[in-house]
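K.L.:
Would you mind keeping the following structure in view while I ask a few things?
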Amino acid sequence: MSWSLDHVGILVRTVDDAALMLQVMSGEDKNDPGSANEVVPNFAEQMAEHNRPPRIGIVSQYYQEKSTGEVWDHTQSVANKLADAGAGVCQFGSAGQFRVVSQCPANCDECRMRCLPRAFPCHAGSQLRPKSQGWYGDGYVDSGDGLSPSYAIAQTIQRGYGSVSGASGPVITPTTPSPAPKDRNTTGDASFQVPWTSSGLPTVTIPFRVKRGWAANGRSAGWLAI
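Residue numbers for the sequence shown follow the numbering used here, so the first one is 1342 and each next one is one higher.
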């Protein structure tokens, strides 16, 4: 899911909307090689059947260290509100692989770009941005074998997440280290989504408005449910 939806996953404001979006997007898509040919349950019915307090995991350390104060404070306030509403909240230290996966998506992108010369004529590289042009040119001398190690790390992330979610359920983190940047030419730092994007795990982002700090003028941030 997260490969198809870019880093932040589904962007919704309610749980019902998340279930609806997941219902529409789940299942096999013949135009998406990453989709799964599996039976899709009715997620709205599942919510009704499992209407009980959840157990939620909070991954601290890595995310706390890298977040701005206002973003981490809000993430903690979300956890506190869930706990007050009856949810069980488990605090986890950072899984070690979170610190070593930041290069995986870049490695995958480079390898895929280096495969382009085999599929497209040589002049296609001139239509790319400068950084992508460099990767395209490297494709004439590089086989792109770096994909295998990157996918192996992705599988490690999946196993690590399984051990965390098995002790809790959904895991939540900040979506980004800081609120949305002023510059509209960038979407900001995507490092917090790297573990989930690399491993293909589905994510949901719930946006919020920052009410204090340097971004208190109304720029938004979000927290991520995995």
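Where is the CB? At the ideal position from N, CA and C, for every residue including glycine.
Who does residue 1566 pair with in a DSSP beta bridge?
P.N.:
Answer by DSSP bridge pairing, in chain order: 1513, 1545.
K.L.:
Whole-angstrom Cβ separation of residue 1514 and residue 1529, contact assumed at under 8 Å?
P.N.:
No, residue 1514 and residue 1529 are not in contact; Cβ-Cβ is about 15 Å, not under 8 Å.
K.L.:
Please go through the same chain and pick out, in chain order, the residues whose beta-carbon is closer than 6 Å to the beta-carbon of residue 1367, but skip the five residues on each side of it.
P.N.:
1381
K.L.:
Can you check whether the CB of residue 1400 is closer than 8 Å to the CB of residue 1512?
P.N.:
yes
K.L.:
Rounded C-beta distance between residue 1396 and residue 1431? I'm assuming under 8 Å.
P.N.:
So it is a contact: roughly 7 Å between Cβ atoms.
K.L.:
Return the CA-CA distance between residue 1404 and residue 1415, expressed in angstroms with no decimal places.
P.N.:
Their backbone Cα atoms lie some 13 Å apart in a straight line.
K.L.:
In whole angstroms, what is the alpha-carbon distance linking residue 1355 and residue 1526?
P.N.:
28 Å
K.L.:
Quick check on the burial criterion: 16 or more other C-beta atoms within 10 angstroms. Buried or exposed for residue 1519?
P.N.:
buried
K.L.:
Identify, in the order they occur along the chain, each residue of the same chain with its Cβ nearer than 8 Å to the Cβ of residue 1424, setting aside the five sequence neighbours on each side.
P.N.:
Short of 8 Å from the beta carbon of residue 1424, and not among the five residues preceding or following it, lie these beta carbons of its own chain, in chain order: 1430.
K.L.:
So, at 7 Å on beta carbons, what are the nonlocal neighbours of residue 1377 in its own chain, with the 5 sequence-adjacent residues on each side left out?
P.N.:
Cβ within range, chain order: 1369.
K.L.:
So, is residue 1359 buried or exposed, given that buried needs 16 or more other C-beta atoms within 10 angstroms?
P.N.:
A residue is called buried when at least 16 other Cβ atoms come within 10 angstroms of its Cβ; residue 1359 meets this threshold and is buried.
K.L.:
Between which residues of its own chain and residue 1391 is the CB-CB distance below 7 Å, once the five residues before and five after are set aside?
P.N.:
Exclusion of the five residues before and after residue 1391 leaves no residue of its chain whose Cβ lies closer than 7 Å to its Cβ.
K.L.:
To which residues does DSSP link residue 1432 through a beta bridge?
P.N.:
1399
K.L.:
Excluding the 5 residues flanking residue 1363 on each side, which residues of the same chain have their C-beta closer than 6 Å to its C-beta?
P.N.:
If we look at residue 1363 and ignore the five residues flanking it on each side, its Cβ neighbours are 1384.
K.L.:
From residue 1389 to residue 1402, what does the alpha carbon distance come to, in whole angstroms?
P.N.:
34 Å
K.L.:
Please go through the same chain and pick out, in chain order, the residues whose beta-carbon is closer than 6 Å to the beta-carbon of residue 1428, but skip the five residues on each side of it.
P.N.:
So the qualifying residues of the chain are 1394, 1395, 1397.
K.L.:
Please list, in chain order, all residues of the same chain as residue 1407 whose beta carbon is under 8 Å from its beta carbon, the five residues on each side excluded.
P.N.:
1518, 1532, 1533
K.L.:
Checking 8 Å against the spacing of the C-beta atoms, do residue 1562 and residue 1412 come in under that value?
P.N.:
yes
K.L.:
Ends of the alpha helix (DSSP H) at residue 1379?
P.N.:
Element bounds for residue 1379: n/a, residue is neither H nor E.
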